[in-house]
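Chains as they are written, first to last, in the working numbering: chain H, 1 to 131; chain G, 1001 to 1131; chain X, 2001 to 2131.
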């Protein structure tokens, strides 16, 4: 019934207050697994050509999916960020903080060659748990 | 004891009938985690140089692993597709449908630089659950 | 309360004694999810410019995080290795064996374009479970 973050002094401190190195999820009764979320609006059109707009839309999609499952952003267990251009890393961090504030969620950020459509420049995989 | 897919009107409709945006897995008694599956046959030789053949073999491997754990394709919770060439995306979708039919499984498709062996052009990570 | 590996004759034998194709985790009471671990020391400085040193440090970080959660290397359920250079694959295998010995943990190895910082050449995502 609890999530506990783990950031002991024996592992690196990245100096990012919203980052956590590990999360123990105990007493989980349901796992919510989401397809990678991209910058498409509910009508299926791309929110914008620029990555920051796509990131913002991907987070909105995650929040809406969580709500549909009776969950919220506080229930996130993991985030995996895929970008096609390393220059978009600062935008990812900015938008992440807009949506997640001071919540600490373990994450990984990866720069890859491409996503399923050449117009998509960001994809975010999220996992959440019902406690 | 249930899997429930979530595709509310507040998230993008990709127009792919077999796609789902989210899956809630509740009452899971066992999680089955698989190494990324590639186009190797059980004898360890590559099923073929072309990606479509490798994708078909990777799915066969997943099905055989699930069977060994007393599970089946209906128990899949997530699929993550890695390709080394974006031109192979249509083949991935074709073979996915051969194997999964109308089953809805959350997924992500990523194009990356390389896999562990230069002959491998596709890898599929799958996770399943015992209900 | 058990982890069971699955390597039937119907799936490829990679000829790597420490590899396993699948792991069933049953009776899990807690899931421990870790941010991707990199070659940073606890003081936040990079352990070294070479990838082998970074891999060794990433494994040390994973071991330290597991300890902080009351777990150990025997509790690992999955490992996902990201490298930015395919030439580092042999080093990954060497260091993996230093840390994990004969333990069998499902895994995937991917070569991607870049990580969150251009100095980082390896990242390892690990998941563990409390039984």
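No residue lacks a Cβ here, since even glycine has one placed at the ideal position from N, Cα and C.
None of these values were measured; they are calculated from a predicted model.
Cutoff 6 angstroms; reference residue i; Cβ partners in own chain excluding five residues on either side
{"i": "residue 8 (chain H)", "result": "none"}
{"i": "residue 78 (chain H)", "result": "106, 127"}
{"i": "residue 2065 (chain X)", "result": "2034"}
{"i": "residue 1088 (chain G)", "result": "1051"}
{"i": "residue 26 (chain H)", "result": "2"}
{"i": "residue 2036 (chain X)", "result": "2123, 2125"}
{"i": "residue 1086 (chain G)", "result": "1111"}
For residue i, the first and last residue of its enclosing alpha helix (DSSP H)
{"i": "residue 2081 (chain X)", "result": "First-last for residue 2081 (chain X): 2076-2083, but that is the beta strand (DSSP E), not the alpha helix (DSSP H)."}
{"i": "residue 53 (chain H)", "result": "51-68"}
{"i": "residue 89 (chain H)", "result": "89-100"}
Endpoints, beta strand (DSSP E) assigned at residue i
{"i": "residue 2005 (chain X)", "result": "2002-2006"}
{"i": "residue 2126 (chain X)", "result": "2122-2130"}
Span separating the alpha-carbon of residue i from that of residue j
{"i": "residue 28 (chain H)", "j": "residue 43 (chain H)", "result": "33 angstroms"}
{"i": "residue 2018 (chain X)", "j": "residue 2104 (chain X)", "result": "5 angstroms"}
{"i": "residue 2034 (chain X)", "j": "residue 23 (chain H)", "result": "6 angstroms"}
{"i": "residue 1099 (chain G)", "j": "residue 1074 (chain G)", "result": "11 angstroms"}
{"i": "residue 1048 (chain G)", "j": "residue 1054 (chain G)", "result": "6 angstroms"}
{"i": "residue 112 (chain H)", "j": "residue 1081 (chain G)", "result": "13 angstroms"}
{"i": "residue 1090 (chain G)", "j": "residue 2115 (chain X)", "result": "28 angstroms"}
{"i": "residue 62 (chain H)", "j": "residue 120 (chain H)", "result": "16 angstroms"}
{"i": "residue 1069 (chain G)", "j": "residue 125 (chain H)", "result": "26 angstroms"}
{"i": "residue 101 (chain H)", "j": "residue 1014 (chain G)", "result": "29 angstroms"}
{"i": "residue 84 (chain H)", "j": "residue 30 (chain H)", "result": "32 angstroms"}
{"i": "residue 108 (chain H)", "j": "residue 123 (chain H)", "result": "12 angstroms"}
{"i": "residue 2059 (chain X)", "j": "residue 92 (chain H)", "result": "27 angstroms"}
{"i": "residue 1110 (chain G)", "j": "residue 2130 (chain X)", "result": "31 angstroms"}
{"i": "residue 45 (chain H)", "j": "residue 2016 (chain X)", "result": "46 angstroms"}
{"i": "residue 1038 (chain G)", "j": "residue 2032 (chain X)", "result": "27 angstroms"}
{"i": "residue 2072 (chain X)", "j": "residue 2096 (chain X)", "result": "15 angstroms"}
{"i": "residue 1067 (chain G)", "j": "residue 94 (chain H)", "result": "45 angstroms"}
Distance cut-off 7 angstroms: residue i Cβ against heavy atoms of the ligand ZN
{"i": "residue 1 (chain H)", "result": "This structure lacks the ligand ZN, and indeed carries no ligand of any kind."}
Paired residues, beta bridge with residue i - DSSP
{"i": "residue 2025 (chain X)", "result": "G:1031, X:2003"}
{"i": "residue 108 (chain H)", "result": "H:80"}
{"i": "residue 2115 (chain X)", "result": "H:110"}
{"i": "residue 1040 (chain G)", "result": "G:1046"}
Contact set for residue i: own chain, Cβ-Cβ below 8 angstroms, skip 5 residues either direction
{"i": "residue 1006 (chain G)", "result": "1020, 1021, 1022, 1023, 1024"}
{"i": "residue 41 (chain H)", "result": "47, 57"}
{"i": "residue 1004 (chain G)", "result": "1023, 1024, 1026"}
Own chain, CB closer than 7 angstroms to residue i, minus 5 neighbours either side, in chain order
{"i": "residue 2011 (chain X)", "result": "2021"}
(message) Against chain G, which members of the region 6-39 of chain H pass a CB distance test of less than 7 angstroms?
(response) Among the residues of the region 6-39 of chain H, those with a Cβ less than 7 angstroms away from any Cβ of chain G are 29, 30, 31, 32, 33, 34, 35, 36, in the order of the chain.
(message) At a CB distance below 8 angstroms, what residues from the region 1098-1124 of chain G approach chain X? Give them in sequence order.
(response) Residues passing the 8 angstroms Cβ filter: 1112, 1113, 1114, 1115, 1116, 1118, 1123.
(message) Taking beta-carbon pairs under 7 angstroms, can you tell me which members of the region 58-89 of chain H lie near chain X?
(response) Listed in sequence order: 77, 78, 86, 89.
(request) Could you list the residues in the region 2037-2056 of chain X with a C-beta less than 7 angstroms from some C-beta on chain H, going in chain order? (result) Within the region 2037-2056 of chain X, contact with chain H at the beta-carbon level (separation under 7 angstroms) is assigned to 2040, 2041, 2042, 2044.
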